[in-house]
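Engineer: One structure follows; several queries about it will come next.
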Amino acid sequence: MDFDSFLTSLGTSFIIFVVLMCLFAWLSSKPGNTVVYYPNRILKGLDPWEGGSRTRNPFTWIKEAMSSSEQDVINMSGLDTAVYFVFMSTVLGIFALSGIILLPALLPVAATDDSIQAAGKNTTSIGTFNDLDKLSMGNITAKSSRLWAFLVATYWVSFVTYFLLWRGYKHVSELRADALMSPEVRPQQFAVLVRDLPDLPKRQSRKEQVDSYFKAIYPDTFYRSMVVTNNKEANKIYEELEGYKKKLARAEAVYAESKSAGKPEGTRPTIKTGFLGLLGKRVDAIEYYNEKIKEIIPKLEAEQKITLKEKQLGAALVFFTSRVAAASAAQSLHAQLVDTWTVSDAPESRELIWNNLNIKFFQRQIRQYVVYVIVALTIMFYMIPIGLISALTTLDNLKKILPFLKPVINITALKTVLEAYLPQIALIVFLALLPKLLLFLSKTEGIPAVSHAVRAASGKYFYFTVLNVFIGVTVGGTLFKTFKSIEKDPNSIVDVLANSLPGNATFFLTYVALQFFVGYGLELSRIVPLIIYHLKRKYLCKTEAELKEAWFPGDLGYGTRVPSDMLIVTIVFCYSCIAPLIIPFGVVYFALGWLILRNQALKVYVPAYESYGRMWPHMFLRLVAALLLYQITMLGYFGSKKFIYVGFLIPLPILSLIFVYICQKRFYKSFSDTALEVASRELKETPSMEHIFRSYIPLSLNSEKVDDDQFEDALSQASRSGSFVV
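Everything in the sequence shown is counted per numbering that gives the first Met the number 0, starting at 0 for the first residue and increasing by one.
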């Protein structure tokens, strides 16, 4: 990419961002759009604009986001979101402190050397170096004493990272402890998840087995248990019932609307009862749906009885009367064999993956290894097309492969735009296909909670992006361009790859710019959700429930957002010394992201679960992994520069591993388990154990009509206080 294309990419990305920002300021002030731009506030019963839209400055959101406290974020979007902003501010601090030293120190050192000019036509990367490369480490002559500046800079970036990561880990640990010490009653703090139940003794039900086991160990604090059941059929019937209820509500809304259209009697909606509503007899829709609901309710109640009595599985939720007892049970070894009576913290009821709870210990281990193999193979498979994309989407290569495009590509204006955007857009689109596949694979491992599955999928996505984007683009593009040179001299591959790093810096500069200007511009303006909402509102939605479903925003999407951020971290780390100009781009990415996502967290997104900061150890490890990759990259690059003092960098990867070990030993245990001193804090009110118990009953089995005497096998012997179990 030449300098003109780089400036075109940067300039057009900035213009798009300004346009999208102005669109947001205008659209968000319209009363009809409040559910798109302020859904979190609306759901909490707050005024979207705080003082009215007429007197509101279009850019007041910036002041509100910057003045908001960490507690404001926790109150509106939960602790997980607050922890995400600790991650954002930590990375922003790392790049800002690094840039303060690296930019004024390294840019003059690089600019005043003449390695590129001296190399002339002999350079292995002819055609890739431009004016930007003269400000990079690639312009430093091999064996030059100037390389000392870059070596010291490598140490500076590493130590800044250690300091801020330590501070961040400590802060998040304190936030988690404060949240868990809250006097509010949270059902998951009184429950544990028990898996891998042993075979049933003779003449004993699952319920009796679990109750007798835990009552013997915890005679004073055991409350009751809930045996997990196979709810597949009950879920199917329940979903069918809910579907007919929604259709009935829609039909009634259509009928009511017809009355207001000039006909007092209205027009009753009709449907066909055959395949997909296209065939069969035409009947009155309201009467038909009412009849179906009446038919399904007894069917569901009968299936509930069968499920509770005959479909009990080898897992259970056990409830205790105190938080300390539950926390102690979750981190204790209950059986001598590792594959029986496995006890862990209970996730929130809304994030339980019920189908995974009955998967046995060794089966989970096997599934995990199989998924790892599948992911590894998929990474290898994706490495091929992404490498080809990076190689083929350059205009020179397109001309060779598709000669008939030459007249079009040679148009100056079009050539500049294509060079600026084509490779980056192709890469972004290709990566967008991965997240759902990785989340599915993570759930297949047998993970019991959605938050855990999201963390697992996020980790897999991180390795995809680093291996396929950072390494794949660098290696793939370079090998394609220099294949003939390497074929003649296979021993030159290391030097060729090393010398290609500065040349790829402009690609990553434009990639980062595209991500923060266009990506965050679309995030702030919410153009796509706005268009979808208004289309659904006009043509599809008839009831309040359908309208809410159309505008409901979901959560921040940590499974894809965190790995995307980690890719930017990795890119900026690895190029921070090689091409220091990338550091301001990293600073802008995380500063702009902090500001815009702060606004979205306070006003838009609604958390789907709360894991109390368990994402932080995951983010911490990936940050250190990116740092390690940076340190190894610098070792290799200094080696390619034939710098005899490269050995001074060898301690850095070792220091990083020691740093991880110390942090994990000091902090991680409080994230994997709840400290008893935290759980022992007093509650502001006596918890309703029955309410806690019932909060875990799946919707398909939740019925107020249940009679305890009918489900003797499914009821806890410890308490028979007007409820049933699952």
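Glycine included, every Cβ here is placed at the ideal spot set by N, Cα and C.
To the nearest angstrom, how far is the alpha carbon of residue 200 from that of residue 313?
Structural biologist: 13 Å
Engineer: Going by C-alpha to C-alpha distance, which of 615, 680, 525, 654 sits closest to residue 16?
Structural biologist: 525
Engineer: State the start and end residues of the unbroken alpha helix (DSSP H) segment that holds residue 619.
Structural biologist: 614 to 639
Engineer: Would residue 177 and residue 138 qualify as a contact pair, given that the criterion is a beta-carbon distance under 7 Å?
Structural biologist: No, these two residues do not count as a Cβ contact at 7 Å.
Engineer: Please specify which runs of the beta strand (DSSP E), each continuous and at least 3 residues long, are wholly inside the segment 151 to 186, giving them in chain order.
Structural biologist: Within the segment 151 to 186, no complete beta strand (DSSP E) run reaches 3 residues.
Engineer: Quick one: using the 10 Å Cβ neighbour count with 16 as the cut-off for buried, is residue 564 buried or exposed?
Structural biologist: With 16 or more Cβ atoms within 10 Å of its Cβ, residue 564 is classed as buried.
Engineer: Tell me the rounded alpha-carbon separation between residue 660 and residue 562.
Structural biologist: 23 Å
Engineer: What did DSSP end up calling residue 517 once you bin it into helix, strand or coil?
Structural biologist: helix
Engineer: Identify, in the order they occur along the chain, each residue of the same chain with its Cβ nearer than 8 Å to the Cβ of residue 670, setting aside the five sequence neighbours on each side.
Structural biologist: 172, 175, 612, 613, 615, 616
Engineer: Grab me the residues of residue 448's own chain with a C-beta within less than 7 Å of its C-beta, minus the 5 sequence neighbours each way, in chain order.
Structural biologist: 346, 350, 351, 352
Engineer: Who are the Cβ neighbours of residue 654 in its own chain at under 8 Å, not counting the five residues just before and after it?
Structural biologist: 157, 161
Engineer: Note down, in chain order, each residue of its chain lying with its Cβ closer than 7 Å to the Cβ of residue 325, except the 5 sequence neighbours on either side.
Structural biologist: 188, 189, 190, 191, 319
Engineer: Just curious, the alpha helix (DSSP H) that residue 89 is in, first and last residue?
Structural biologist: 78 to 110
Engineer: Just to confirm, is the Cβ distance from residue 328 to residue 700 under 7 Å?
Structural biologist: no
Engineer: In angstroms, rounded to a whole number, what distance separates the CA positions of residue 593 and residue 646?
Structural biologist: If I take the Cα positions, the gap works out to 38 Å.
Engineer: Around the C-beta of residue 680, are 16 or more other C-beta atoms found within 10 angstroms, so that it is buried, or is it exposed?
Structural biologist: exposed
Engineer: Use the C-beta contact count for residue 218: other C-beta atoms within 10 angstroms, 16 or more gives buried, fewer gives exposed.
Structural biologist: Exposed is the label assigned to residue 218, since fewer than 16 other Cβ atoms lie within 10 Å of its Cβ.
Engineer: To the nearest angstrom, how far is it from the Cα of residue 344 to the Cα of residue 560?
Structural biologist: 26 Å
Engineer: Let me know the alpha helix (DSSP H) ranges lying completely inside the segment 325 to 377, each 4 residues or longer, listed in chain order.
Structural biologist: Runs found: none.
Engineer: On the DSSP letters alone, give me the boundaries of the alpha helix (DSSP H) that residue 225 sits inside.
Structural biologist: No alpha helix (DSSP H) holds residue 225; the beta strand (DSSP E) holding it covers 221 to 228.
Engineer: Between residue 366 and the rest of its own chain, which residues show a CB-CB distance below 8 Å, the 5 nearest in sequence each way excluded?
Structural biologist: Excluding positions up to five away in sequence, the list reads 358, 443, 444, 445.
Engineer: Between 304, 631, 599, 372, which lies nearest to residue 519 when the distance is taken from Cα to Cα?
Structural biologist: 599
Engineer: Using a threshold of 7 Å, state whether the C-beta atoms of residue 136 and residue 649 are closer than that.
Structural biologist: no
Engineer: Along the chain, where does the alpha helix (DSSP H) containing residue 208 start, and where does it finish?
Structural biologist: 205 to 216
Engineer: Return the CA-CA distance between residue 675 and residue 323, expressed in angstroms with no decimal places.
Structural biologist: 6 Å
Engineer: Candidates 521, 463, 513: which alpha carbon is nearest residue 726's?
Structural biologist: Past the edges of the chain, shown from 0 to 725, lies residue 726, and the structure says nothing about it.
Engineer: Using the three-state DSSP reduction, which class does residue 547 fall into: helix, strand or coil?
Structural biologist: helix
Engineer: Hey, how far is the Cα of residue 716 from the Cα of residue 310?
Structural biologist: Summary for residue 716: the model assigns pLDDT 40, below 50, so the residue's position carries little reliability, and this model does not support an answer.
Engineer: Can you tell me whether DSSP reads residue 283 as helix, strand or coil?
Structural biologist: strand
Engineer: By Cβ distance, which residues of its chain are closer than 7 Å to residue 163, with the 5 residues on each side in sequence left out?
Structural biologist: 89, 92, 93
Engineer: How is residue 246 classed by DSSP in three states: helix, strand or coil?
Structural biologist: helix
Engineer: In whole angstroms, what separates the C-alpha of residue 727 from that of residue 14?
Structural biologist: The structure shown has nothing for residue 727, since the chain only spans 0 to 725.
Engineer: Between the Cα of residue 596 and those of 25, 29, 36, spot the shortest distance and give me the residue it belongs to.
Structural biologist: 36
Engineer: So is residue 198 buried or exposed if we call it buried at 16+ other beta carbons inside 10 Å?
Structural biologist: exposed
Engineer: Taking 7 Å as the CB-CB cut-off, is residue 578 touching chain D?
Structural biologist: The structure shown contains no chain D, having only a single protein chain.
Engineer: Can you tell me whether DSSP reads residue 271 as helix, strand or coil?
Structural biologist: strand
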